[in-house]
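S.K.:
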Amino acid sequence: MSRPAVLAASSDSIGSPWLWGISIAVLLALLCADFLVTHRPHEVSMREAIGWSVFYLALPLVFGLFLWSAFGGGQALEFITGFVVEKSLSVDNLFVFMLLLAGFAVPAELQQRVLLYGIVGALVLRGIFIAAGAALLQAGTWAFLVFGAILFATAVKILHEALTGSGFDRDVSQMRSVRLLRRLMPVTDDYRGPRLTVREGGRRALTPLTVVVVAVFATDVVFAVDSVPAVYGITADPYLVFTTNAFALLGLRALYFVLATALAKLTHLNHGLAIILAFIGAKLVLHWAHGIWPAVPEIPTPLSLAVIVVVLAAVTLTSLRARRGAEEPTPGSRPCPPKSSPNSPRPSSWRPPC
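Here the sequence shown stands for residues 664 to 1017, where the numbers follow this note's numbering.
Encoded structure:
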């Protein structure tokens, strides 16, 4: 981010009114298409999930080429780097979605509808946080210190959970939003297809589907607080911040079913995310300091992209190596029980002591 933050957040944005209008119209059309796909509940096949995942991974590449041709390589590189960051963080979303779907025993045919509700909620919340972030940047470059502090705190929290395993011990029934909802209205004992409410005994009652959707929305708030400052560390253009978040979230529904099994094998993913968030936090602080003391160096966007890709590749390799090491039986040990299923409340990498 070589240009001043205030200009980048306002007049220097590439997001003209017609570009914002077209982008939001395309986003709404894609969401409508997703709702049509999930209108009739069905269990998602691997072929369907892979097809939609490829489609949603190709879209940002095409958009990046458009940015390159229309605005130059700088904006295109910022978009691609921001997309990689947001996609990495969205994979962490999938871990939490996996725990929620398992904790609420969501039927397989309803899982994609829950995920879609979660994606819509995440888009709305991130739109609000993006607008708030742009307002902070217009108020002064001190906002970069605020964003940096948020990312450092998040990095410490994620690393602590990764080292202690506490992130996998949450009781979803004890979430504040879930307990509040159950106090306000009765909840049926079983799912009623895709319906969120039903009438029982002359009064309106919620279905468990509503409860799990509210739980997903509650976690969306946390992820919005983390992800928006992270992408503002790559680009200060609100339009690019919005599009990176939108493209990263759109394909989550299909990607969940592709990665449901593979996710549990990435045991070091949160370690890598903590490193990435801390790195972007340092980048924001350096950018703020450079505006006051020009001698302070900045981290260029190409270097940021290289560091993020290297960290993600490293944690993937170390996760797979640790997985293979854990599966190799030690001499004289008795066989381990089979791995838990992908829908287990605990990640399938967890196994009882042998």
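C-beta atoms are modelled at their ideal positions from N, C-alpha and C, and glycine is treated no differently.
(1) Under three-state DSSP, which class holds Arg-858?
(2) Tell me which residues share the same chain as Tyr-854 and place their Cβ nearer than 8 angstroms to its Cβ, disregarding the 5 neighbours each side in the sequence.
(3) Work out the CA separation of Ser-686 and Ser-708 for me, nearest whole Å.
(4) To the nearest angstrom, report how far apart Ala-721 and Ala-977 are at their CA atoms.
(5) Please list the terminal residues of the continuous beta strand (DSSP E) segment that includes Leu-947.
(6) Would you mind working out which of Leu-966, Thr-930, Thr-964 and Trp-951 sits nearest Leu-980, comparing C-alpha positions?
(7) Assign Leu-762 to buried or exposed, taking buried as 16 or more other Cβ atoms, counted over all protein chains shown, within 10 Å of its Cβ.
(8) With DSSP as the reference, label Ala-692 as helix, strand or coil.
(9) Count the other C-beta atoms from every protein chain shown that fall within 10 angstroms of the C-beta of Thr-827, then say buried if there are 16 or more, exposed otherwise.
(10) Exposed or buried, Ser-679, counting other C-beta atoms within 10 Å across all chains shown (16 or more means buried)?
(11) Along the chain, where does the alpha helix (DSSP H) containing Ala-802 start, and where does it finish?
(12) Using alpha carbons as the reference points, say which of Ile-955, Ile-943 and Val-970 lies closest to Phe-810.
(13) Tell me Glu-863's beta-bridge partners as DSSP assigns them.
(14) Considering only residues of the same chain and omitting the five flanking positions on each side of Leu-693, which have a CB-CB separation below 7 angstroms?
(15) By a C-beta neighbour count over all protein chains shown, 10 Å radius and 16 as the cutoff for buried, is Glu-749 buried or exposed?
(16) Is DSSP giving Val-850 helix, strand or coil here?
(17) What does the alpha-carbon distance come out to for the pair Val-972 and Ala-794?
(18) Under a Cβ-count criterion, where at least 16 other Cβ atoms within 10 Å of its own Cβ denotes burial, should Ile-955 be classed as buried or exposed?
(19) Counting C-beta neighbours from all protein chains within 10 Å, is the total for Arg-710 16 or more, i.e. buried, or is it exposed?
(20) Under 8 angstroms: do the stretch 805 to 822 and the stretch 905 to 912 share three or more Cβ pairs, one atom per stretch?
(21) Pick helix, strand or coil for Trp-681, following the three-state DSSP scheme.
(22) Take Arg-862 and list the residues in its own chain whose beta-carbon comes closer than 8 angstroms to its own, dropping the five residues that flank it on each side.
(23) In or out: Arg-858 buried (at least 16 other Cβ within 10 Å) or exposed?
(24) Using only the alpha-carbon positions, how far apart do Ser-890 and Gly-865 sit?
(25) Kindly indicate the opening and closing residues of the alpha helix (DSSP H) around Ser-890.
(26) List the endpoints of the continuous alpha helix (DSSP H) containing Arg-916.
(27) I need the straight-line Cα distance from Ser-753 to Val-970, nearest angstrom please.
(28) Going by other Cβ atoms of all chains shown within 10 Å of its Cβ, with 16 needed for buried, is Trp-805 buried or exposed?
(29) Leaving out the 5 sequence neighbours to the left and right, which residues in its chain are closer than 6 angstroms to Ala-952 when beta-carbon positions are compared?
(30) Applying the criterion that 16 or more other CB atoms from any shown protein chain within 10 Å of the CB defines a buried residue, is Leu-903 buried or exposed?
(31) Please state if the CB of Leu-788 and the CB of Asp-900 are separated by a distance shorter than 7 angstroms.
(32) Taking all protein chains shown into account, do 16 or more other C-beta atoms lie within 10 angstroms of the C-beta of Glu-741, making it buried, or fewer, making it exposed?
(33) With burial defined as no fewer than 16 other Cβ atoms inside 10 Å of the residue's Cβ, what is the status of Asp-832: buried or exposed?
M.R.: Checking against the coordinates, here is how it stands:
(1) Coil, per DSSP.
(2) Counting only Cβ-Cβ distances below 8 angstroms, and skipping sequence neighbours, we find Val-769, Pro-770, Leu-773, Thr-870, Pro-871 and Leu-872.
(3) Pairing Ser-708 with Ser-686, the inter-Cα distance amounts to about 30 angstroms.
(4) Near 24 angstroms, if we compare the C-alpha coordinates of Ala-977 and Ala-721.
(5) According to the DSSP assignment, Leu-947 belongs to no beta strand (DSSP E) but to the alpha helix (DSSP H) extending over 932 to 955.
(6) The shortest C-alpha separation from Leu-980 is found at Thr-930.
(7) Leu-762 is classed as buried because its beta carbon has at least 16 other beta carbons within 10 Å across all chains shown.
(8) Three-state DSSP puts Ala-692 in a helix.
(9) So Thr-827 ends up on the exposed side.
(10) By the 10 Å Cβ count, Ser-679 comes out exposed.
(11) Start and end: 774 to 802.
(12) With respect to the C-alpha of Phe-810, the residue from Ile-955, Ile-943 and Val-970 having the closest C-alpha is Ile-943.
(13) According to DSSP, which records beta bridges pairwise, Glu-863 is partnered with Arg-866.
(14) Cβ neighbours of Leu-693 beyond the five flanking positions: Leu-913.
(15) So Glu-749 counts as buried.
(16) Assignment of Val-850 by DSSP, reduced to helix, strand and coil, places it in the strand class.
(17) Approximately 28 angstroms, taken between the alpha carbons.
(18) Counting Cβ neighbours within 10 Å, Ile-955 comes out exposed, since fewer than 16 surround it.
(19) When all chains shown are included, Arg-710 counts as exposed.
(20) The answer is no - the stretch 905 to 912 does not touch the stretch 805 to 822, with fewer than three Cβ pairs under 8 angstroms.
(21) In this structure, Trp-681 counts as helix in the three-state DSSP scheme.
(22) So the qualifying residues of the chain are Ala-868.
(23) Its Cβ having fewer than 16 others within 10 Å, Arg-858 is exposed.
(24) Distance between the alpha carbons of Ser-890 and Gly-865 is about 44 angstroms.
(25) 871 to 895 is the extent of the alpha helix (DSSP H) around Ser-890.
(26) Here the alpha helix (DSSP H) through Arg-916 covers 915 to 922.
(27) So the alpha carbons of these two residues sit roughly 18 angstroms apart.
(28) Exposed, since its Cβ has fewer than 16 Cβ neighbours within 10 Å.
(29) Excluding sequence neighbours, Ala-952 sits near Val-959.
(30) Leu-903 is buried by the Cβ-count criterion.
(31) At a Cβ-Cβ threshold of 7 angstroms, Asp-900 and Leu-788 do not count as neighbours.
(32) So Glu-741 counts as buried.
(33) Because Asp-832 carries a pLDDT of 49, less than 50, the predicted location of this residue cannot be relied on, and no value is offered for it.
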